[in-house]
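Position 84 of the sequence shown, counting from 1, maps to 84 under this note's numbering, and the rest follow consecutively.
Here's the structure we're looking at; comments come further down.
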Amino acid sequence: MQELSQILNQIPTDPGVHVLLGQNGLRYTGAARNLQARLRDHHAGRGKRTHNQRPLKLLHIETSGDFSAALKREAYLKSGKGREWLNQQTVSP
Numbered sequence: 001m002q003e004l005s006q007i008l009n010q011i012p013t014d015p016g017v018h019v020l021l022g023q024n025g026l027r028y029t030g031a032a033r034n035l036q037a038r039l040r041d042h043h044a045g046r047g048k049r050t051h052n053q054r055p056l057k058l059l060h061i062e063t064s065g066d067f068s069a070a071l072k073r074e075a076y077l078k079s080g081k082g083r084e085w086l087n088q089q090t091v092s093p
């Protein structure tokens with residue numbers, strides 16, 4: 001798990017999903033047409049739910065073929081089975 005500010009330039013510009021960890025210990029899952037641009041927005045405080053949770057940590061990122069696929073993956077990651085899968089993939093803070 002890395003602070004977002006340290007890895008922004010390494011994040012792809014492809015569509016995909018991201019999972020962030022805020023200062024409050026909650027995970028924020030979202031889909032983006034351009035992952036790097038969206039995560040830059042979060043880092044700059046332009047995320048609706050994350051603007052007051054900085055610094056953010058990146059827990060998980062996945063690219064997808066298109067935005068539609070990213071939206072489907074986001075819905076899965078927010079489901080019960082998706083949250084279970086994320087728990088297995090990420091280390092608790």
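We put the CB at the ideal spot given by N, CA and C, even for glycine.
Please name the residue, chosen from the options, that lies closest to residue i on a Cα-to-Cα basis.
i   : options               : result
T63 : G47, L56, Q2 and G30  : G30
L39 : P55, G25, G82 and L26 : P55
E3  : Q23, T13, P15 and A32 : Q23
I7  : A37, A69, K72 and W85 : A37
S5  : N34, A44 and R27      : A44
P12 : L20, L35 and G25      : L35
Suppose the cutoff is 6 Å on Cβ atoms and the five residues either side in sequence are ignored; what does the same chain contact list for residue i look like?
i   : result
I61 : H18
A32 : R38
N9  : none
Any idea what DSSP makes of residue i, helix, strand or coil?
i   : result
K57 : strand
A31 : strand
H18 : strand
K72 : helix
R40 : helix
K81 : helix
K88 : According to the sequence as given, residue 88 is Gln; it is not Lys. Note: Q88 maps to helix in three-state DSSP.
Who are the near neighbours of residue i in its chain, counting only those whose CB is closer than 8 Å to its CB and skipping five residues on each side?
i   : result
D41 : G47
In the DSSP assignment, what are the bridge partners of residue i?
i   : result
Q2  : L58
T63 : G16
Suppose the cutoff is 7 Å on Cβ atoms and the five residues either side in sequence are ignored; what does the same chain contact list for residue i look like?
i   : result
Q89 : H60
Against chain C, with Cβ distances strictly below 8 Å, would residue i count as a contact?
i   : result
W85 : The structure shown contains no chain C, having only a single protein chain.
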